[in-house]
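Residue numbers (the numbering used here): 11 to 125.
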């Protein structure tokens with residue numbers, strides 16, 4: 011099947027930076043989009059940003075100008091560079107892979123931003 015392995019979460023002070031990495035392996039074909047969602051305690055999972063097969067990128071308004079998504083097509087890896095982090099960015103971040111035949115999620119990585 012498909013495996014998504016995330017890394018890079020942690021604890022950082024407000025204003026700091028983190029970089030998340032998600033590597034996909036397995037039966038990878040017809041990638042429609044790769045990206046990141048997040049879920050804070052007591053809230054619904056929300057899109058942070060994604061990049062589609064054509065390279066178009068979407069960001070949530072709350073992260074525009076601070077977060078950057080990039081993708082390595084050879085390695086089937088997507089990155090999320092997070093700068094100027096705020097306490098409200100605290101959440102579990104999930105990698106998402108949308109294939110032509112299914113949708114897959116990573117296990118999640120915790121990002122905690124202290125004030």
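Ideal placement from N, C-alpha and C gives every residue a C-beta, glycine not left out.
Computed from a prediction, not measured in an experiment: that's the story for all the values here.
Local Cβ density within 10 Å of residue 84, reported as buried at 16 or more and exposed below that: Reading the chain shown from its first residue, position 74 is the one you call residue 84. It is exposed - the Cβ of residue 84 has fewer than 16 other Cβ atoms within 10 Å.
Residue 113 versus residue 125: straight-line alpha-carbon distance, rounded: The residue labelled residue 113 in the question sits at position 103 within the chain shown. The residue labelled residue 125 in the question sits at position 115 within the chain shown. Approximately 35 angstroms between the Cα atoms of the pair.
Beta-carbon gap between residue 2 and residue 52 smaller than 8 angstroms: Outside the shown range of the chain (11 to 125) lies residue 2, about which nothing can therefore be said.
Rounded separation between residue 26 and residue 12 - CA only: Within the chain shown, the letter at position 16 stands for residue 26. Within the chain shown, the letter at position 2 stands for residue 12. Roughly 32 angstroms separates the two Cα atoms.
Distance between residue 116 and residue 99 (C-alpha atoms, nearest Å): Within the chain shown, residue 99 is the residue found at index 89, counting from 1. Within the chain shown, residue 116 is the residue found at index 106, counting from 1. If you take the alpha carbons of residue 99 and residue 116, they lie about 18 angstroms apart.
DSSP beta-bridge partners of residue 88: Here the question's residue 88 lines up with position 78 in the chain shown. Paired residue(s): 32 and 81.
Contact under 8 angstroms by Cβ, residue 24 with residue 90: Here the question's residue 24 lines up with position 14 in the chain shown. Here the question's residue 90 lines up with position 80 in the chain shown. Not closer than 8 angstroms, so no.
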